[in-house]
Structures are given as C-alpha cells and as structure tokens.
Amino acid sequence: MPTLQQYEHGPGMREQLQANLSAFQSRAQSNPDLKHAAVVLAITRFEREAAIIVTRRARSLRAHSGQWALPGGRLDPDETVREAALREMHEEINLSLDAKQILGTLDDYVTRSGYLITPVVVWNEIPWRELQPNPGEVASISPFGFTELARSDSPLLSDAAQGGRQVLSMHFNGDVIFAPTGALLYQFREVAMLGRSTRVLHYDQPRFAWQ
C-alpha cells in the first residue's frame with residue numbers, strides 16, 4: 001500500500017512525474033468531425049500530499065451539469081491545445097500558470113458526445129484551498145490525493161449499456177468518477193505516477209455522461 005510520504009508534493013515529485021511523462025509516447029487522434037477540447041490535470045498541494053484538482057460542474061450548465069470534471073473546454077480558433085488548457089483553467093478555477101509549468105500530455109480521448117479531448121498535465125504550487133471557482137461554470141473544487149488515486153481497488157470496470165466496451169470509473173472518497181474524467185485520471189496514475197504505458201481510449205462512458 002503506498003504511503004503519503006511517497007506522494008509528497010515537492011521538487012522530487014515534479015521530477016518523477018515529468019520524467020515518466022517524457023518517456024511516454026502519447027497518442028493523438030484526428031477527426032475533423034469532432035469538437036477539439038483540452039482538459040487540465042493540475043497537480044496541487046493537498047496538505048503535504050500531491051493531488052489532482054477535480055471540479056463539480058455547475059448545476060446551471062446545460063450539458064453534464066453536476067458531474068465530476070477536470071478544468072477544460074473547447075479550443076478557440078487558431079489556439080493550441082496547451083494555450084487552451086491554460087486559458088480554460090484560469091477561466092474555471094482562477095489558476096493562472098504559464099507554459100513552463102506544463103509537464104506533458106496524455107492520450108487523446110474521444111467521447112460519445114462528439115469531443116476529442118487532449119489532457120494536459122501541469123504543475124502548480126498554490127494550495128487548492130486558495131483557488132476560487134467561477135460559479136458560472138464550477139460549483140466546487142476538490143483535491144484528488146495521490147494516495148486515493150493509487151487505491152488498489154481502482155479502477156472499477158463494468159459492462160456498458162451498449163457497444164460492448166467496458167465502462168471505467170475511479171473511487172473518489174466514497175463516490176466514483178466515471179469516464180471520460182475517470183479514464184484520464186486512471187491514465188495519469190498509470191503513466192505519470194507509476195511509469196506504465198497504459199492506454200484508455202478503449203474504455204467507455206456510462207450513458208448519463210454523454211446523453
């Protein structure tokens with residue numbers, strides 16, 4: 001069982017994550033019919049531990065309201081994935097970082113709702129409690145600690161309602177986070193934390209996540 005000390009937020013953790021991401025060959029997808037979006041796996045300080053920032057989408061949103069998510073959104077015209085990731089992160093949780101804090105990217109993930117998502121991993125020194133969500137988009141901000149992310153009983157796999165692929169979810173403090181967010185969190189754990197070349201594009205999302 002991993003210990004908190006193994007996942008302490010600090011320079012050593014940053015170096016480990018960056019080395020693992022640099023060694024990983026992320027896979028891009030190409031489909032002009034899909035809406036291209038970027039999401040951010042922002043590493044933050046949770047007491048002494050490293051954690052990923054996850055959000056609850058505002059109830060007022062027309063799509064996917066109230067669901068667990070990562071900061072992110074569609075690319076603007078002529079905007080790069082990395083630029084979009086940093087912009088969306090600032091707009092949603094008021095965290096402003098520059099490109100020097102980007103550690104790498106994970107595999108593109110295609111959703112049933114017609115999005116091609118590129119996950120961007122960033123390093124952040126600001127404690128999560130100091131961040132302020134944009135209430136028009138984000139209801140709350142929560143830390144997903146690395147020890148919780150490394151639980152041996154995650155991921156959970158279940159049969160999809162249709163399509164034949166398994167649905168992936170991750171335990172999160174008495175709740176679960178489903179794909180696509182759950183799949184990206186799982187790949188982050190496998191690749192950045194554990195140095196494994198694990199792919200997640202073949203995992204499905206539950207019906208509520210894309211209807």
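Just so you know, we're using the UniProt record's numbering here: the sequence shown kicks off at 1 and counts up by one. Beta carbons: idealized from backbone N, C-alpha and C, even for Gly.
Integer Cβ distance of residue i from residue j, believed to fall under 8 Å
i	j	result
I93	P133	6 Å
V121	L21	6 Å
D204	A179	7 Å
S169	G182	5 Å
R87	K35	Their Cβ separation, rounded to whole angstroms, is 16 Å, which puts R87 and K35 out of contact at 8 Å.
I141	A37	In fact, because the Cβ distance is near 19 Å, the residues do not count as touching under 8 Å.
V191	L103	Their Cβ separation, rounded to whole angstroms, is 11 Å, which puts V191 and L103 out of contact at 8 Å.
R57	V167	Not a contact, Cβ separation roughly 19 Å.
Where residue i falls, given that 16 or more other Cβ within 10 Å makes a residue buried
i	result
M1	In this predicted model, M1 has a pLDDT of only 46, less than 50, meaning its place in the structure is not dependable enough to derive any value.
Q187	buried
S154	buried
E15	exposed
residue 224	Lying before the first or after the last residue shown, residue 224 is absent from the chain, which here runs from 1 to 211.
H9	buried
R99	Inspection of the sequence shows that residue 99 is occupied by Ala rather than by Arg. Exposed, since its Cβ has fewer than 16 Cβ neighbours within 10 Å.
L201	exposed
E125	exposed
G136	exposed
R189	buried
P119	buried
S96	exposed
D175	exposed
P143	buried
E47	exposed
D108	buried
L12	The residue you asked about is not Leu; residue 12 is Gly in the sequence shown. Classification of G12: exposed, given that the 10 Å Cβ count is below 16.
E130	exposed
L194	exposed
G145	buried
L157	exposed
Strand pairing of residue i, partner residues [DSSP]
i	result
H171	V176
E8	E49
Residue i beta carbon near the ligand FAD (any heavy atom closer than 6 Å)
i	result
S152	Ligands displayed in this structure: none; no statement on the ligand FAD is therefore possible.
Count the C-beta pairs between the segment 145-164 and the segment 72-85 that are closer than 8 Å, then say yes if the count reaches three, no if not. no
Considering only residues of the UniProt domain "Nudix hydrolase" (34-166), which uninterrupted alpha helix (DSSP H) runs meet the minimum length of 4 residues and lie entirely inside it, listed in chain order? 81-93 and 146-149
Assess contact between the segment 38-47 and the segment 67-78, defined as three or more Cβ pairs (one per stretch) separated by less than 8 Å. Is contact present? yes
Would you call the segment 21-34 in contact with the segment 153-172, where contact means no fewer than 3 C-beta pairs closer than 8 Å? no
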